[in-house]
Structures are given as C-alpha cells and as structure tokens.
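Residue numbers (this note's numbering), protein chains in the order written: chain P, -12 to 462; chain X, 903 to 1081.
Here is the structure we will look at.
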Amino acid sequence: MSEVAIPPTLKIQAPPAELEREPLVLNERPPGWISDRITSVVEGKAPRWWWIGLSISVPLMVMLFCVLAYLISTGVGIYGNNQPIMWGWPIVNFVWWIGIGHAGTLISAILFLLRQKWRTAVNRAAEAMTIFAVMCAGIFPLIHIGRAWLGWWLFPIPNANSIWPQFRSPLMWDVFAVSTYFTVSLLFWYVGLVPDLAVMRDRSKTKIRKFLYGLFALGWTGSNRHWSNYEKAYLILAGLSTPLVLSVHSIVSLDFAVSQLPGWHTTIFPPYFVAGAVFSGFGMVLTLLIPLRRLCNLEEVITVRHIELMCKVTLAVGSIVGYAYGMEVFIAWYSGSPYEKFAFWNRAFGPYWWGYWTMIICNVVVPQFFWSKKVRTNMLVVWVLSIFVNIGMWFERFEIVITSLSREFLPSNWGYFIPTIWDILTFLGTFGLFFTLFLLFLRFLPMIAISEVKGVTPQADPHHPLGGAKPGGHH
Amino acid sequence: MGETSKPYGIIAEFETAAAIMHAAEKVRDSGFRKWDVFTPFPVHGMDRAMGLKNSKVGWFSFIGGATGYTSGMLMIWYLNAVDYAIPIGGKPMFSPHGAFPPSYELTILLGAFGAIFGMLFLNRLPKLHHPLLKHERFKLATHDRFFVVIETGDPKFSETETRALLESAGSKHIELVED
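Now the structure itself:
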C-alpha cells in the first residue's frame, strides 16, 4: 500500500461535462440530509393537504364497507350483473386494480435486476401502491361469487362436502397467482422497510414511537454481516418477483383466453395483459408521485429525470399495448372466423363504440406525446396525461369483459349492460380504501427507501472523492 | 454480573465510506474474528474488505422453491386424481400442464419464504436487545456515520492495542460499549 506516484499519462481523464448523467439526488446532498428530508414527511405535524385527503378518502372507504354489507346481506342482484353479462363491473375493476399493482413490482424487481439505480427513489411508494391496489382488487372476485362466506372453498381446505377445488380451471390458477402475488409483494416491501424502520427507531423522540418502530425493525443494526445476507435475499426476491409479476397477469388473462368466447379466445392475451398492466401501473405511479414530490418537498430526490424515465417506460409499454390492439384486429380478420371478425367489428362500431374509442385515444394516442422532451419535463402535462392512461386502461378491461359477453354466438343471448348505483358506489369506495391506506402509509412510514437512496449517492462510493477517496489514487 | 461485567466491545467511528473500508481491511488483516462493521447502507466491496464468504441465503430459497413445486404437483395430483376424481370433458385426471400454474406460484411463494426467513435466521433476527442499541452514539449508524466494533470476546482483543489499531486506522472517536 505504498504511495506510488501515478504518471500523468496513465491517469484517466474525466468524461466531458455534457456526457455526465444527471445525479439521482440533486445538489450532492449527503446521507444525513437524505434521512432528515425523507423522514420529515413522517415527523412533525401532519400537513393540511394530508388531512384534506384523509377527510375525503375515509368517508368513501366507510361507504365501501356499507355497500359491501348491503351486497352481502342482499345478494349480487343489486349489481348490474345479469345474463349474459355475468362478470360485469366487478371483474373489470378487479383486472384494473390488479394491473395497477404491476408497476410497483416492475420497479422494485425488474428494474433492480436491470441495475436501474433510479428505481430507489420511487420503489417504496410504488410497492405500497401495489399492495393497496391488490387489496382493492381482491375484494371484487370475492364479493361477486355471490355467497362470499363460501370464498374459502377456493382454497384446498378440507370441507364437510369432501370435495376439492378443480385445478384445471384458470380461475383456480388465479386464486394461487393473486394470493402469492399479494404475499410476496407484502414481504418484499417489508424486507425493504426493515433498515428504514431502524432509521425511524433511532430518530424517535417518544417512547411509543421508539417501541413500535423498534419492534418492526426487528433489531436491525446495519451490521455488514447482516447487509451481506440481506442483499442476497433482496436479490433473490427480485429474481423471484420478476417471473411472478409476469405470471400473475398472464394467468389473469387466461381467465379469459382459455374460454371459447370470441374476443377472449386469443393467444396474444398473456403478453398483452402484462404490457397493459405495467402501462396502467406507471400511469398510477405518475399520478401519485408528481403531486407528492411537490407536497412533500422531495423534488431533489424524485427529480425531473425520474419522472422523465417513467414517462419513457410508459411510452414503451403503451406502444406495445397499441401494437397488441392492432394485432388483435388483424388476427380477427386473418383468422377468417366470422365470430371473431364480428366481435372486433362490434367493439369498434357496436353499441359500446364509445368505450372502444375512449380506450384507443387514452392508450394509443396519449402516450405518444411522451416522445417530446418538452412534454416529459412539464409536470402538469405529465400528470394530466397519466390520468388519461388510468382511464384508458379501465375502458380496455370494460371493452374486453362487457362487449365480448354482450354479443355471444347466439343472438337470442345478446344483451346490454347497465351498471346500477351500487356498482358505481363500490368502485368509488375502493378509491377511498386505496387512498386512505396510501395516506396512512405516507404519514407513518418513510415513502422513499432511505438506505437505498443513500446507497446510490456518490458519498456511498468508497472510490469517489465525495465518499472520502483520495483524489487520483488507491484509497 | 453487574459492576464486574466485561464491556461488550470497543466502538470506533468513521466519517466516510472510504475510511470505513480502509479500517475494515486493517482489522481483517490483524486477524480478528468477533468484529463487525456498521453502515447506514450496504457499502459496495465491504464483504471483501471484511473477508466475508458468499451469503448462504440462496440455499434456503432453493429448498423452499423445490418444496413448493413438488408439494404443488403432488397436492393437485392427489386432490383431483386420487381423493376425489372429477372427470371433465374426457381430459386426463392429472395433467402436468394444468397443474403447472398453481405449482409455479407455490414455487415462488415458498422460495420467497426461504429467502426471507433464511436471511432472518442467518442474521439471528429478530433480536430486539443488543448492547449496541443502548449506545447513544451508535444511533448515527442508521444516519450518516460508519462504525467498527470489535468484541471483547475476541481472543486477540486487548484494550490498549485494539484501541491503538483503530486509532491508526483513522478513527477520531473511540469508546467502550457496556454489555
């Protein structure tokens, strides 16, 4: 380790300034600042916008519970579900909510495997969004089965009839996919939270906070022997969540694709559903994070570059979705099957034409604006466009579920779906549940992965001058 | 016990990632066994600087995943082909294709359990009581400081020499930690 002077010819020149990437945390903020700023959302008095948000979302959530009580005590007849459209809004909402969840896992797992360091600023909030969205999604299949109290028959639990679930049905696969997805997402999120809960524990001023954060931090000390196992476990979880997230929406799509119904019986469904899910999820992440970065004073951590990158992902998956729509129509024509051709003609020009064209505008046209850097860096415009993405994806599921069922093989079995007030109130109520949980998350847990963001700053790199390395030499 | 109890160890504070890395290499080369480095985030290259072997978490996950897949396949075969056979459309009572999706999900579920609970087991967590957690200055280990702790239980430990070693590694703040 003797200090040998390095000849100037061997020194590597720094890249020119215009090739430097924008830093992930602006203004060279040190690790201590990152802790202080992110935890400031949790500590101190709750801001006014938080109370306003909660005062809207809690009544909506309470309304959801009331509607569910009415539904379970009365029957599914209060919904618009009826022959031939037995799946109705509950399944539209189920697929929509579960799709939203997919961005969280994509950010936390797939971008982790791809070593996309920018994910650290957004993964915690996106994972929370995933968990809450899957909770909202899980309500719908459970309630629309009719006798919700028999929901446990879906699981292979011995019962008095000694009959088991039928595992050749995709609906059964769905039960396993969604429950695994929820469990693994929750655990992944919690494992990521453990070091940050230790941060919260060590900053706590009151006994009760210290006790509760300490309890959930499991006694984390930041030991490197622990970090070593922890990072390996995190890598494995990312490796397992990647095939998981791809399989979940593939299996959801098989609920449709395995049936014989024109408009559902399509081989393109699994990849098309996954792309759509990621698309809608990124839409929701943008909708949530653009106001939050401003309200929580986190513009230096969730930078414009982060938003731009998410816009680019949205554009990429949105274009895949657009391609899938085109391919569906092409195959309907190319198959030569009159039923297939009719199903797609009916989607675009039948009684539900308005839904189809809303979907096309929101999902195919709107993301194309993200080609422009001017659009991607204008937060207000991105926010508005992200809402169009959310709306468009709901209409996509509406088109798939409702239109296909409304025009089956037999014209005598045709119908038109009209939602009842209870359909609408249930859907609105799930927003109450979602936002209540999300607001509570913001207030009680660090919304950005503190230790992960610290880990991607130059201060964390022992070979960087800001990390304490001596300039130009071996440390 | 009480007044006669030995201190838990000696704690040295460092301010930068490079300094802690350098100190860890020094402690490793001096042949200590019962020691550790505490950082607010995982420092890249620290495992090597400490001389740690590759983590064994992968084995737990592998065993979990293999259990998940086999139990899924066996369960579906037993339930739908043996215990209560349901003939549907003349299809075989058991087909690996139909049984694959749930078994695949169970592979992932138990693989994830293996990774998480394996990690907690290897780290001996949860462990809510630790001498370091009572140390006031150690709170900065989750904020922006870096610490080396050498336990008194290490055969090479000697209060003066170990302190001198940590001082020479560049630490300006060295203290004993009570047990």
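Here a beta-carbon is modelled for each residue, glycine too, at the ideal position from N, C-alpha and C.
Residue(s) in a DSSP beta bridge with residue i
i                 : result
ILE72 of chain P  : P:ASN69
MET911 of chain X : First, the amino acid is wrong: residue 911 of chain X is Gly here, not Met. Paired residue(s): X:GLU1053 and X:VAL1079.
VAL165 of chain P : Its beta-bridge partners do not exist; DSSP assigns none.
SER210 of chain P : X:PHE940
PHE916 of chain X : X:PHE1048
Interface flag, residue i vs chain X, CB-CB below 8 Å
i                 : result
SER95 of chain P  : no
MET159 of chain P : yes
THR345 of chain P : no
GLN103 of chain P : no
ILE118 of chain P : no
TRP151 of chain P : yes
Residue-chain proximity (residue i, chain P), Cβ-Cβ < 8 Å
i                  : result
LEU1011 of chain X : yes
LYS1036 of chain X : no
GLY1020 of chain X : yes
ALA968 of chain X  : no
MET975 of chain X  : no
ILE965 of chain X  : no
TYR1006 of chain X : yes
SER1070 of chain X : no
ILE988 of chain X  : yes
LEU1067 of chain X : no
ALA925 of chain X  : no
PHE943 of chain X  : yes
GLY914 of chain X  : Correcting the residue type first, residue 914 of chain X is Ala in the shown sequence and not Gly. False, the Cβ-Cβ gap to chain P never drops below 8 Å.
GLY1000 of chain X : yes
Short Cβ contact (8 Å threshold) for residue i with residue j
i                 : j                 : result
VAL522 of chain P : MET434 of chain P : Beyond the ends of chain P as shown, which are -12 and 462, falls residue 522 of chain P; an answer cannot be given.
ASN80 of chain P  : PHE414 of chain P : yes
VAL939 of chain X : ILE913 of chain X : no
ARG207 of chain P : GLU114 of chain P : Residue identity differs from the one stated: residue 207 of chain P is Trp in this sequence, not Arg. Not closer than 8 Å, so no.
SER393 of chain P : TRP381 of chain P : no
THR107 of chain P : ALA436 of chain P : yes
LEU453 of chain P : GLU15 of chain P  : yes
HIS89 of chain P  : HIS293 of chain P : no
ALA124 of chain P : LEU275 of chain P : no
VAL959 of chain X : ALA220 of chain P : yes
SER438 of chain P : PHE943 of chain X : yes
Burial state of residue i (16 or more Cβ within 10 Å)
i                  : result
LYS441 of chain P  : buried
LYS32 of chain P   : exposed
PHE52 of chain P   : exposed
VAL388 of chain P  : buried
MET903 of chain X  : Note that MET903 of chain X scores 43 on pLDDT, short of 50, meaning its location in the model is unreliable; the coordinates nonetheless yield the value given after this. Counting Cβ neighbours within 10 Å, MET903 of chain X comes out exposed, since fewer than 16 surround it.
ARG950 of chain X  : exposed
PHE916 of chain X  : buried
PRO325 of chain P  : exposed
GLY967 of chain X  : buried
PHE142 of chain P  : exposed
ASP189 of chain P  : buried
THR1062 of chain X : exposed
LEU397 of chain P  : exposed
Reduced DSSP category for residue i - H, G, I as helix; E, B as strand; rest coil
i                  : result
GLU996 of chain X  : The sequence given here has Phe at residue 996 of chain X, not Glu. Correct three-state label for PHE996 of chain X: coil.
PHE934 of chain X  : coil
PHE336 of chain P  : helix
PHE375 of chain P  : helix
PHE260 of chain P  : helix
PHE1040 of chain X : helix
PHE1048 of chain X : strand
ASP448 of chain P  : coil
TRP37 of chain P   : helix
PRO1004 of chain X : helix
ALA225 of chain P  : helix
ALA220 of chain P  : helix
ASN350 of chain P  : helix
ALA456 of chain P  : coil
GLU439 of chain P  : helix
ASN110 of chain P  : helix
ARG1026 of chain X : coil
GLY133 of chain P  : coil
ARG1065 of chain X : helix
ALA1017 of chain X : helix
VAL12 of chain P   : coil
LEU1074 of chain X : Checking the displayed sequence, the identity of residue 1074 of chain X turns out to be Lys instead of Leu. Three-state DSSP puts LYS1074 of chain X in coil, outside helix and strand.
LEU231 of chain P  : helix
HIS236 of chain P  : helix
Check: residue i C-beta below 7 Å from any heavy atom of the ligand SAM
i                 : result
PRO145 of chain P : Here there are no bound small molecules, and the ligand SAM is not part of this structure.
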